[in-house]
Amino acid sequence: MVARDPEHLGAVEQRLGVRTVSGEVPAWIEGREVLAVFRVAGDERPAYFIELSVADGRVTSIRDFRYVPYIAREATFTITSPARPPPRHR
1 MVARDPEHLG AVEQRLGVRT VSGEVPAWIE GREVLAVFRV AGDERPAYFI ELSVADGRVT
61 SIRDFRYVPY IAREATFTIT SPARPPPRHR
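Numbered according to full-length UniProt numbering, the sequence shown spans residues 1 to 90.
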């Protein structure tokens with residue numbers, strides 16, 4: 001389910017008892033480039049992360065660590081800013 005209207009999204013969150021993700025930012029964990037996912041804006045640590053493997057400018061695999069939060073709790077994140085620009089298509 002995708003809610004584009006913020007008010008509708010808030011109603012969905014209340015009804016389902018879930019919290020949406022605040023945002024993703026590029027980061028590094030142990031030499032791997034990942035997306036660090038923050039549940040609430042202003043949180044000091046990401047709740048979890050997503051690892052994308054890219055080859056020849058295409059995503060080849062996605063590993064979502066949402067349901068193993070202990071990994072993010074123990075990981076050392078290096079948040080990158082600004083994000084590295086995407087590769088150019090030929």
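The beta carbon of each residue, even a glycine, is placed where N, CA and C say it ideally should be. From a predicted model like this one, the values you see are computed outputs, not experimental measurements.
Residue i, buried or exposed, once every other Cβ within 10 Å from all chains shown has been counted against 16
i     : result
Val40 : exposed
Pro69 : exposed
Ala55 : exposed
Val37 : buried
Val34 : buried
Closer than 9 Å to chain D by CB, residue i
i     : result
Val25 : In the displayed structure, chain D is absent; only one protein chain is listed.
Residues bridged to residue i [DSSP beta-bridge criterion]
i     : result
Gly23 : Phe38
Glu33 : Trp28
DSSP state of residue i mapped onto helix, strand, coil
i          : result
residue 94 : No statement about residue 94 is possible, as the shown extent of the chain runs from 1 to 90 and does not include it.
Phe65      : coil
Thr80      : coil
Arg45      : coil
Beta-carbon separation (whole angstroms), residue i vs residue j, contact threshold 8 Å
i     : j     : result
Arg63 : Glu51 : 4 Å
Ala27 : Thr60 : Not confirmed; about 20 Å, so no contact.
Check whether residue i and residue j have beta carbons under 9 Å apart
i     : j     : result
Glu30 : Thr76 : yes
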